[in-house]
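Peer 1: 46 is the number of the first residue of the sequence shown in the numbering used here; add one for each residue after it.
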Amino acid sequence: MNLTDHARRVTSSRKGKWIVGCLAVAIIGWWAGNSLIASGLEKSLTSGAAKRGMLLEWKTSSWDPWRGLHLTGLRLSERADGGSAIAELENLNLDLPLGQLFAGSARETRWSVKDSNVVLRDTAGTVNLERVSLEIRASNGEIKVLSFKGGKEGLRTDLTGKIIFSRFRTSPSVHRALDLRPVRATLATLDVRRETGTFHVTGNFTVDLRNGERHWLANLAGTGRDLEWKGVRWTSANARATMSSTVSEIRYDLATANGFTQGNVSKAGWHDSPFTFKGELGDSKGHKDEYHGNHHNRVLTVQGLEGEADLFLLSQDIPALAPLRPRGVSFETFPMVDLRGLIFDFSSGTPRWSFDSLAVRTKENVTITADGKDLELRDLSVDATHDGDRLVVRKSTAGVFNGRVNLAGTYRDGGLRDARIGIESIKLAEIKQMIGTGKKRSGPGVLSADYRGDIDFRTKLADGKGTMRLENAPVLEVPLLDQVYDIFMELIPGVKRADEGTFDAGFRVRGKTVEVTDFEARGGSLTVTAVGTVDLDAHRVSGRARGKLVGLPGVVTSPLSRLLEMEVAGPYEDIRVKPLGPAKLASNTASGVVGVAVDTIEETGKVMGTVLAEGVKLPFRLFQQDEDDGKKAD
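(1) In angstroms, rounded to a whole number, what distance separates the CA positions of Leu-101 and Thr-231?
(2) Take Gly-78 and list the residues in its own chain whose beta-carbon comes closer than 8 angstroms to its own, dropping the five residues that flank it on each side.
(3) Could you check the C-alpha separation between Val-595 and Ser-470 for me, to the nearest Å?
(4) Is Phe-400 helix, strand or coil when you go by DSSP?
(5) Kindly indicate which three-state DSSP category Arg-255 falls into: helix, strand or coil?
(6) Under three-state DSSP, which class holds Phe-305?
(7) Taking the straight line between their C-alpha atoms, what separation do you get for Val-246 and Gln-361?
(8) Whole angstroms are fine: how far does the CA of Gly-196 sit from the CA of Leu-356?
(9) Counting along the chain, where does the beta strand (DSSP E) carrying Gln-478 start and finish?
(10) In or out: Ala-464 buried (at least 16 other Cβ within 10 Å) or exposed?
(11) Can you tell me which of the three DSSP states Gly-650 falls into?
(12) Excluding the 5 residues preceding and the 5 following Ala-148 in the sequence, name in chain order all residues of the same chain whose CB lies nearer than 7 angstroms to its CB.
(13) In this structure, does DSSP put Glu-618 in helix, strand or coil?
(14) Just verifying my parser: in three-state terms, what is the DSSP assignment at Ser-157?
(15) Under a three-way DSSP split, which group does Gln-361 fall into?
(16) DSSP three-state call for Thr-234: helix, strand or coil?
(17) Of the residues Lys-623, Thr-395, Arg-591, Asp-619, which one's Cα is nearest the Cα of Lys-629?
(18) Any contact of the stretch 607-625 with the stretch 576-590, i.e. 3+ C-beta pairs under 8 angstroms?
(19) Taking just the CA atoms, how far does Tyr-456 sit from Thr-504?
(20) Compare the C-alpha of Thr-572 against each of Ile-131, Leu-358, Gly-267, Val-638 and name the closest.
(21) How would you write the range of the alpha helix (DSSP H) that Asp-390 sits in, first residue to last?
(22) State the start and end residues of the unbroken alpha helix (DSSP H) segment that holds Phe-533.
(23) Take Phe-250 and list the residues in its own chain whose beta-carbon comes closer than 7 angstroms to its own, dropping the five residues that flank it on each side.
(24) Val-554 and Gly-467: beta carbons closer than 8 angstroms?
(25) Among Arg-238, Thr-243, Glu-351, Gly-338, which has the Cα closest to the Cα of Leu-403?
(26) Tell me which residues share the same chain as Arg-435 and place their Cβ nearer than 6 angstroms to its Cβ, disregarding the 5 neighbours each side in the sequence.
(27) Verify the contact flag: Ser-426, CB atom, against every heavy atom of the ligand FMN, threshold strictly below 7 angstroms.
(28) So for Val-638, helix, strand or coil by DSSP?
(29) Between the Cα of Ser-399 and those of Val-277, Asn-451, Leu-387, spot the shortest distance and give me the residue it belongs to.
(30) Need the endpoints of the beta strand (DSSP E) that His-431 sits in, please.
(31) Would the stretch 509-521 count as touching the stretch 546-562 if we require 3 or more Cβ pairs under 8 angstroms?
(32) What residue from Ser-161, Asp-495, Trp-111 has the CA that sits closest to Leu-179's CA?
(33) Determine the direct distance from the alpha carbon of Asn-339 to that of His-316, and round the result to whole angstroms.
(34) Please report how far the alpha carbon of Val-622 lies from the alpha carbon of Gly-417, in whole angstroms.
(35) For Ser-92, does the three-state DSSP call read helix, strand or coil?
(36) Note down, in chain order, each residue of its chain lying with its Cβ closer than 6 angstroms to the Cβ of Glu-133, except the 5 sequence neighbours on either side.
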């Protein structure tokens, strides 16, 4: 080996060491630079928060050249001394590319959050966001939100946007209190249940913080299927919204299994102002209602709802409508409804509802089912109000049994108070046919009645008074008249039974006692009056009756009548009409009213025979058909 080769080897070795040394210095410098960058970023974060009167803390931090500064367990406090936290998140990644180190005022940093639960707080409480992923680019004067994904329960969002602020500050930064009202109101409105389908919201937003103001604007679109929202199972839900710091407008289109609703919601500002809404409600048959109202502080007010949509059908999907559906009522075609001032109050935890007025009108048939019997109504009209405790029926009327029924009163706790019930000219034969006690064809009896008082449907008791009138009825269907004819026919040969009869009665009900204050039945030449009581507890009837038969058999004209005093008594199943003595002759002008003293002329005979001694059986119910009716009719 010569000196030249040796010199070359020494030179080569020195170059290698120099390269390795330079590389080591570069690597150390690079790491040191990155460490300085990381340290600078951490210092920038804490000092930036401090300038705004806040304290930013984290549990762990790490750095690598590829992903930048990674922080976990972050907590932002409202005051620099570590007061209550206004924001908490699980992770944050901050990166400053090498090329941006010398970019000056145009420097851009990259921020990202991945699948982090986020907690935000303001003076009104806490807002929790789930599985938030965020990617932004921040520069002097603008923050670009490339992606924001997050949500709560069954709500998921995927948004982009930007935040604009002044590029150069001429005065120290002032911390402004966090205001989460828009976020809280949006989450409260879109509270979709987690266990059902998901409502996806996409769109963009802009927040402008320049000139010391705070303005924002968002354009959003939402869609979902088979989800539960506000207690309703929706087969589809679609919405578009333009929302800002001053006003918000939302257009919605929702469908259930049996109908749909569409319309718009608006809100002026985010202070203590209500959501107002207006739209239409439709059923699967194509009938629609128009409605409008507002929602404020957990109180939903439907100021008006009018139309022919089948609310009974829709109530199968919308629980809020269920209280408005009476049991045992069905419609051939759902009536026209005009509802005003309907309020659902959820503010106290226990929902309460009321309405100012409800008008229902229909010309079609309405079926009311009770005790296994169907009652058909027509031409129904109802006007009512509800104060939250009581349903006040101001007026209702319907056609039934070829007549009409009118009802008014106050319903509460299973009872009707201050009831006013009127029955006008209904056909007795149709009543008997409905309850299964009448023949296929019966007499043309017409029944009218009225009642004023209280009715307790739970105990089936009442407290009030009323009247009843039956006209043009076969004698055998008129209480007491048929039975007194039987007695007179036993006493006086030649007496003939009339074909038709009429009765008028007045009564007073007190709990379990019905007092018949006056009763008068007329048929042909016979008039029967009576007074008495019905004991609903003992199932027993007791009273007195007087029969007045005008004229003598076989004599065309006669100034005389026959009076017969009778006892009416017995249990329901064996009520007997029994003479208290023989019939007596009296003037035709003598009173036929039971209990009024009358001068008689002479006795006409004695009480004889089984019928006269034991009396005649009286069916208790007006609508009951006696087994011997057919024989008497013959």
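Every residue gets a Cβ at the ideal spot worked out from N, C-alpha and C, and that includes glycine. What you are looking at is a predicted structure, and each value in this text was computed from that prediction instead of being measured.
Peer 2: Walking through what the data contain:
(1) By 1-based counting over the sequence shown, the position of residue 101 is 56. By 1-based counting over the sequence shown, the position of residue 231 is 186. Computed Cα separation, rounded: 27 angstroms.
(2) Locating residue 78 in the sequence shown gives position 33, counting from the first residue. Unreliable positioning characterises Gly-78 in this predicted model, as indicated by a pLDDT of 49, which lies under 50. The coordinate reading is nonetheless provided below. If we look at Gly-78 and ignore the five residues flanking it on each side, it has no Cβ neighbours.
(3) Working through the sequence shown from its first residue, we reach residue 595 at position 550. Working through the sequence shown from its first residue, we reach residue 470 at position 425. For Val-595 and Ser-470, the distance between alpha carbons rounds to 29 angstroms.
(4) For the purposes of this step, residue 400 is taken as the residue at position 355 of the sequence shown. Three-state DSSP puts Phe-400 in a strand.
(5) One-based indexing of the sequence shown puts residue 255 at position 210. It is helical.
(6) The count along the sequence shown starts at 1 and reaches residue 305 at position 260. Of the three classes helix, strand and coil, the one that applies to Phe-305 here is strand, per DSSP.
(7) By one-based count along the sequence shown, residue 246 stands at place 201. By one-based count along the sequence shown, residue 361 stands at place 316. The straight-line gap from Cα to Cα measures roughly 28 angstroms.
(8) Counting from one through the sequence shown, the residue named residue 356 turns up at place 311. Counting from one through the sequence shown, the residue named residue 196 turns up at place 151. Cα to Cα, Leu-356 sits roughly 34 angstroms from Gly-196.
(9) Taking the first residue of the sequence shown as position 1, residue 478 is located at position 433. From DSSP, Gln-478 is part of no beta strand (DSSP E) but of the alpha helix (DSSP H) over 473-479.
(10) Working through the sequence shown from its first residue, we reach residue 464 at position 419. Counting Cβ neighbours within 10 Å, Ala-464 comes out buried, since at least 16 surround it.
(11) For the purposes of this step, residue 650 is taken as residue 605 along the sequence shown, with counting starting at 1. Only weak support exists for where Gly-650 lies, its pLDDT of 48 falling under 50; the coordinates are left without a value.
(12) As a working mapping, residue 148 is identified with position 103 in the sequence shown. With a pLDDT of 49 at Ala-148, under the threshold of 50, the modelled position of that residue is not reliable, and no figure is offered here.
(13) Here residue 618 refers to the residue found at position 573 of the sequence shown. Helix.
(14) Counting from 1 along the sequence shown, the entry for residue 157 is found at position 112. If DSSP states are grouped into helix, strand and coil, Ser-157 belongs with the strands.
(15) By one-based count along the sequence shown, residue 361 stands at place 316. Three-state DSSP puts Gln-361 in coil, outside helix and strand.
(16) Counted from its first residue, the sequence shown places residue 234 at position 189. Here Thr-234 sits in helix by DSSP.
(17) Mapped onto the sequence shown, residue 629 falls at position 584. Out of Lys-623, Thr-395, Arg-591, Asp-619, Arg-591 has the C-alpha closest to the C-alpha of Lys-629.
(18) yes
(19) Reading the sequence shown from its first residue, position 459 is the one you call residue 504. Reading the sequence shown from its first residue, position 411 is the one you call residue 456. Their backbone Cα atoms lie some 15 angstroms apart in a straight line.
(20) Within the sequence shown, residue 572 is the residue found at index 527, counting from 1. Cα-wise, what sits closest to Thr-572 is Val-638.
(21) Here residue 390 refers to the residue found at position 345 of the sequence shown. From DSSP, Asp-390 is part of no alpha helix (DSSP H) but of the beta strand (DSSP E) over 381-390.
(22) Within the sequence shown, the letter at position 488 stands for residue 533. Residues 526-536.
(23) Taking the sequence shown and counting its residues from 1, one reaches residue 250 at position 205. Counting only Cβ-Cβ distances below 7 angstroms, and skipping sequence neighbours, we find Leu-204, Gly-206, Trp-261, Leu-262, Ala-263.
(24) Here residue 554 is taken as the residue at index 509 of the sequence shown, counted from 1. Here residue 467 is taken as the residue at index 422 of the sequence shown, counted from 1. For Val-554 and Gly-467, no; Cβs fall outside 8 angstroms.
(25) One-based indexing of the sequence shown puts residue 403 at position 358. It is Glu-351.
(26) Counted from its first residue, the sequence shown places residue 435 at position 390. So the list reads Thr-455, Arg-457, once near-sequence residues are dropped.
(27) With respect to small molecules bound, the structure shown includes none, and the ligand FMN cannot be examined in it.
(28) Within the sequence shown, the letter at position 593 stands for residue 638. Here Val-638 sits in coil by DSSP.
(29) For this step, residue 399 is matched to residue 354 along the sequence shown. When only C-alpha atoms are compared, the closest one is Leu-387.
(30) Your numbering for residue 431 matches position 386 in the sequence shown. Start and end: 418-431.
(31) yes
(32) To locate residue 179, count along the sequence shown from 1; it is residue 134. Looking at the Cα atoms, Ser-161 is the closest of the given residues.
(33) Sequence index remark: in the sequence shown, residue 316 carries index 271 (1-based). Sequence index remark: in the sequence shown, residue 339 carries index 294 (1-based). The straight-line gap from Cα to Cα measures roughly 15 angstroms.
(34) The residue you call residue 622 lines up with position 577 of the sequence shown. The residue you call residue 417 lines up with position 372 of the sequence shown. Answer to the nearest angstrom: the Cα atoms are 34 angstroms apart.
(35) The residue given as residue 92 occupies position 47 in the sequence shown. The answer is helix: DSSP assigns Ser-92 an H, G or I state.
(36) In the sequence shown, residue 133 corresponds to position 88, counting from 1. If we look at Glu-133 and ignore the five residues flanking it on each side, its Cβ neighbours are Arg-120, Val-164.
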